[in-house]
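Residue numbers (the numbering used here), protein chains in the order written: chain C, 1 to 198; chain Y, 1001 to 1198; chain Z, 2001 to 2198; chain V, 3001 to 3198. No residue lacks a Cβ here, since even glycine has one placed at the ideal position from N, Cα and C. This one's a predicted model, so the numbers in the text were calculated from it and none came from an experiment. Inspection log for the structure reproduced underneath, given as structure tokens.
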DNA sequence: GATGAATGAGTTTTCATTCAT
DNA sequence: CATGAATGAAAACTCATTCAT
């Protein structure tokens, strides 16, 4: 009886084995040869499981983001106040630690690829993830309202909060020495003056 | 004695002649050979006036943006209410007309290049332009306050308005069928509830 | 399963097929395109077997020199007297035949490349080959002493003999109509007055 | 009355002003633009005084070598014993000081150019200079014989001394970490055993 | 005599993808 | 199922030299 390999499983296994590789060399410098070597299979085999290079990069990035999200939601769970939970969303763009900067630059590279191609799959993936994060934010705000930390009006600011987040991301990426932290703190304090129950 | 040319003028003239070319083929596909042909000069001559390919692309984009700004400021001057003036800032990201979409996609490609290289000059240029636009926005808001259209508190929202703008730009670029208009209107109406003198 | 090729063999086969090409066009004018065409493969395939252009040129030159050495050692074996064996070493720089001049000019071009780059591999290769030839010369002299053709003191002249050889090479290469033969004969006769057992 | 410029004088003046430039950037990287700038004239003017790039490089190198020779003959004059005078000839190839290494590498680059082109003028220049140095060496040896430092037989070794010198030059240039000093000392001691009057 | 603007040929190397085995 | 050998298009940049002024 031959070993039955589930195509999807192997696809994922290949991508999984290349998560550190992508971090190391970056999207643009990643070659199929490297991927094949890291996964311990032949170059041709890659094409049994992936349409093309974009496809595999996409899969690897997915895993990256999933990993990131796991950490992210753990952090949020450990956090009590609504304000701090919101801050968790912004750590990614605020934190200047080497570790986070690496992730941030990885995401920058990813965005560069998204913006230069016109890959529908990328756009859809981004849409879904943004929706997902938006929902998370909404839950947190709603919970804050329920816990009497926030005024009911707070729910009207969920969207703009997420858009503001995107704005900080783009500014940190495209301008010199942008101080996202300062901007965030101004904004969040301003906002909480309006929505917080003191 | 040889013909003496004004280097700066010729530099600009070359760039100017390639503004439509850049629009047509995009940044990534633009070749020096094309530029030289369009400008009606030899390839080598390009390098008498520009350091390298980045340098010439940068110059062409500058002209693009200058052109855009001229239109933009004309629109603002023709506009009366502060709210409408603010809306002018957002036309770029909101408007779905073919004309504007072309510009928007051009800017998208530019951003893609900025994010993938680490060109200090690009980052600095962006910083300066963002500062400049921020100042414009501030003037408009201040004027609105002076004209008793807005409450003094409005001045505290200038920064976040610009960041919000960036956020919309990134969302329109990186997600599928993003409705920047809706987001903007929600936001601006929400905001004006807080800062408008009715 | 794909065709498995012996990388080393194919590498050598490619280089081998280009030995006449290198002779024909010279090092500086040799292009990868020519090499690929001559080897009957694609340009890209070259790079499956060689690091870069230097690498392939180096390999071709190796074959050249190996070929030359084979002839050279055959000649020495066919020769009886020590004096004649020594002369064999100098044929390369003395002989004005068209055939040898072609080789000599090839070596000249090779040296030109060695002197203009700072390629460690080249320098080391030269060192090794010089050592090797020095050892050969030493064997010949030692044998001459053993055969009572030469005085024991002859062994003290091995180094200078090789250096003298280099000197003739450089002189033939860098000056006009240099008569290496005359210089060699003067030298060898002078020397044999000192070291020969008559 | 217009300023009469002697063509040859200006030619020399231009070359003279570029002596340090050549040292700085080397032969291969030297551009006509640099030469024109250093000489304070236009690029086109260069061609009023020189045939082509080779011509001007040649002229600059001439001056270099003249300068070197001046130092060299001063050193020889200050030296007493014949053995030391001979050693002066070999300082160039033996000395590992930074200063001399710079000169040596300059000469290496020059030789590389000589070997890669087939410029008759270069070859002739080299022939003449080698003749000239040979004559100098002969004078020194003859003088040594006259001063009863050397046996009359010494005159038979003048040629080989010069060829040996060339050999050391080529070895230092084309092999790794060559110890020219050791080779020279062995040789000169060996030689003096034969030709010195003790 | 002087100038400097204009020129354009020429070559290495990478790497996603295919397909014969 | 798996493989890896083979492919070939594609583009920036330099710089000696000329010649119109």
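Interface residues of chain Y around residue i at Cβ under 8 angstroms?
i: residue 187(C); result: 1159, 1160 and 1163
i: residue 130(C); result: 1171 and 1175
i: residue 123(C); result: 1174, 1175 and 1176
In whole angstroms, give me the CA-to-CA distance for residue i and residue j.
i: residue 2039(Z); j: residue 2067(Z); result: 19 angstroms
i: residue 2121(Z); j: residue 3096(V); result: 22 angstroms
i: residue 41(C); j: residue 21(C); result: 15 angstroms
i: residue 2074(Z); j: residue 2101(Z); result: 20 angstroms
i: residue 105(C); j: residue 1157(Y); result: 29 angstroms
i: residue 167(C); j: residue 45(C); result: 41 angstroms
i: residue 153(C); j: residue 138(C); result: 12 angstroms
i: residue 3047(V); j: residue 3036(V); result: 10 angstroms
i: residue 3128(V); j: residue 2196(Z); result: 35 angstroms
i: residue 3160(V); j: residue 2161(Z); result: 10 angstroms
i: residue 1173(Y); j: residue 3026(V); result: 51 angstroms
i: residue 2089(Z); j: residue 2072(Z); result: 8 angstroms
i: residue 3084(V); j: residue 3163(V); result: 18 angstroms
i: residue 2176(Z); j: residue 3132(V); result: 14 angstroms
i: residue 6(C); j: residue 1118(Y); result: 41 angstroms
i: residue 1077(Y); j: residue 181(C); result: 34 angstroms
i: residue 2023(Z); j: residue 2059(Z); result: 14 angstroms
i: residue 8(C); j: residue 49(C); result: 8 angstroms
Taking residue i as the query, report the chain V residues whose CB atoms sit under 7 angstroms from its CB, ordered along the chain.
i: residue 2062(Z); result: By Cβ distance, chain V contributes nothing, its closest Cβ being about 16 angstroms from residue 2062(Z), past 7 angstroms.
i: residue 2066(Z); result: None at all; the shortest Cβ gap to chain V is about 19 angstroms.
i: residue 2084(Z); result: Simply none; closest approach about 20 angstroms.
Applying a beta-carbon distance threshold of less than 7 angstroms, which residues of chain Y neighbour residue i?
i: residue 173(C); result: 1115
List, in chain order, every chain C residue whose beta-carbon is nearer than 7 angstroms to that of residue i.
i: residue 1023(Y); result: Within 7 angstroms Cβ-Cβ: nothing; residue 1023(Y) doesn't reach chain C, min ~16 angstroms.
For residue i, which residues in chain V fall below 8 angstroms Cβ to Cβ?
i: residue 2126(Z); result: 3174, 3175 and 3176
Would you mind telling me which residues of chain Z sit closer than 7 angstroms to residue i, beta carbon to beta carbon, in chain order?
i: residue 3112(V); result: 2112, 2115 and 2116
i: residue 3156(V); result: 2190
Listing by chain order, which chain V residues have their CB less than 9 angstroms from the CB of residue i?
i: residue 2151(Z); result: Within chain V, no residue comes near residue 2151(Z); the closest Cβ sits about 13 angstroms away, beyond 9 angstroms.
i: residue 2081(Z); result: The contacting residues do not exist; residue 2081(Z) stays about 21 angstroms from chain V at best.
Going by DSSP, name the residue or residues bridged to residue i.
i: residue 1022(Y); result: According to DSSP, residue 1022(Y) bridges with nothing at all.
i: residue 2150(Z); result: 2196(Z)
What residues of chain C sit near residue i, judged by a beta carbon separation below 8 angstroms?
i: residue 1017(Y); result: Residues of chain C passing the Cβ test: none, with the nearest at roughly 25 angstroms.
i: residue 1098(Y); result: Chain C residues near residue 1098(Y): none, gap ~16 angstroms exceeds 8 angstroms.
If the cut is a Cβ gap below 9 angstroms, which residues of chain C does residue i touch?
i: residue 1168(Y); result: 163, 166 and 167
i: residue 1109(Y); result: 115 and 116
Quiz prompt | Secondary structure, alpha helix (DSSP H): runs of 4+ residues fully inside the segment 102 to 148 of chain C | solution = 120 to 146
Quiz item: What alpha helix (DSSP H) runs, 4 residues minimum, are completely inside the segment 2157 to 2184 of chain Z?
Solution: 2158 to 2174
Quiz item: Listed from N- to C-terminal order along the chain, which residues in the segment 27 to 60 of chain C have their beta-carbon within a distance smaller than 8 angstroms of any beta-carbon of chain Y?
Solution: 28
Quiz item: Just by C-beta distance, which residues in the segment 1132 to 1145 of chain Y are closer than 7 angstroms to chain C?
Solution: none
Quiz prompt | Any beta strand (DSSP E) of 3 or more consecutive residues that is wholly inside the segment 47 to 88 of chain C | solution = none
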